[in-house]
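Asker: What follows is a structure written as structure tokens; I'll ask about it next.
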Amino acid sequence: AQSVAQPEDQVNVAEGNPLTVKCTYSVSGNPYLFWYVQYPNRGLQFLLKYITGDNLVKGSYGFEAEFNKSQTSFHLKKPSALVSDSALYFCAVRESYNTDKLIFGTGTRLQVFP
Amino acid sequence: NAGVMQNPRHLVRRRGQEARLRCSPMKGHSHVYWYRQLPEEGLKFMVYLQKENIIDESGMPKERFSAEFPKEGPSILRIQQVVRGDSAAYFCASSPPGGQPSGTGELFFGEGSRLTVL
Chain A
755 AQSVAQPEDQ
765 VNVAEGNPLT
775 VKCTYSVSGN
785 PYLFWYVQYP
795 NRGLQFLLKY
805 ITGDNLVKGS
815 YGFEAEFNKS
825 QTSFHLKKPS
835 ALVSDSALYF
845 CAVRESYNTD
855 KLIFGTGTRL
865 QVFP
Chain B
17 NAGVMQNPRH
27 LVRRRGQEAR
37 LRCSPMKGHS
47 HVYWYRQLPE
57 EGLKFMVYLQ
67 KENIIDESGM
77 PKERFSAEFP
87 KEGPSILRIQ
97 QVVRGDSAAY
107 FCASSPPGGQ
117 PSGTGELFFG
127 EGSRLTVL
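Protein chains in written order, with the working numbering: chain A, 755 to 868; chain B, 17 to 134.
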């Protein structure tokens, strides 16, 4: 079964510093990977996805993610964190190629300190 | 282009009552997914529906929970005889029609319905 793991419950970073939120995946076949962000009491907003092509994927709000097949990882990154980036981040994988159903990780809370 | 609309945003029920959560997908979308988020937990898949069909209900509890997506009107997630453990945020997501996954691939989420059971 397809799955993703987010090993960190929380990541703390100072404003202006680079940030990384980790995600590893376990899939059979080619992975379709996604990152979503959730602000307090809101729904999930799509940030970026990897389907095929370049391993470095650029998304919304200055975020990017690097697909690494050898390490089965899809870490979310941003060169310079903002306080407003503080939120809950979810990594997700599509269950199979013929459905849009996503399997989510447990989430990582990002806290950016001024 | 309106996004995924969920209502009510907040719902309070007493144990034993029924909860009905509604979801209108994005315009042009005919696939609906329901997810549940328990406090301090991630999102758990519940059910995937297309118009008038349940495609995948592998995440639905066997009792008290049901979902429908009629030909006309919103999708409804129904919880009968609610218990305190049903307190959670319930999110609906939609995607476009077609036998293959949508060209963009992602699901579009609503703002959620937060159920509190007293």
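Even for Gly, the Cβ is constructed at its ideal location relative to N, Cα and C.
(1) In three-state terms, what does DSSP make of B:S135?
(2) Would you list, in sequence order, the uninterrupted beta strand (DSSP E) runs of no fewer than 3 residues that lie entirely inside the region 37-112 of chain B?
(3) Pull up the distance between the alpha-carbon of A:G859 and that of B:S74, whole angstroms please.
(4) If I'm right that A:Y790 touches A:I805 with Cβ under 8 Å, what's the distance once you round it to whole angstroms?
(5) Give a yes or no on contact between the region 62-79 of chain B and the region 18-26 of chain B, applying the rule of three or more CB pairs nearer than 8 Å.
(6) Taking 7 Å as the threshold (beta carbon to beta carbon), is B:E127 in contact with chain A?
(7) What is the C-beta distance between A:Q760 and A:T862, in whole angstroms, given that I count them as a contact (C-beta under 8 Å)?
(8) Do three or more CB pairs link the region 777-785 of chain A to the region 840-854 of chain A at distances below 8 Å?
(9) Please identify the residue among A:N766, A:F800, A:E818 whose C-alpha is closest to the C-alpha of B:L123.
(10) Note down, in chain order, all residues in the region 68-79 of chain B with a beta-carbon under 7 Å from any beta-carbon belonging to chain A.
(11) Any residues in the region 785-808 of chain A with a beta carbon nearer than 7 Å to a beta carbon of chain B? Which ones, in chain order?
(12) Please classify B:G101 as buried or exposed, where buried requires at least 16 neighbouring CB atoms within 10 angstroms.
Answerer: Checking against the coordinates, here is how it stands:
(1) Absent from the model: residue 135 of chain B. The displayed extent of chain B is 17 to 134, so no value can be given.
(2) 47-53, 59-66, 69-72, 81-84, 91-95, 104-111
(3) 18 Å
(4) About 15 Å; that fails the 8 Å criterion.
(5) no
(6) yes
(7) 5 Å
(8) yes
(9) A:F800
(10) D72
(11) Y786, F788, R796, G797, L798, F800, K803, I805
(12) exposed
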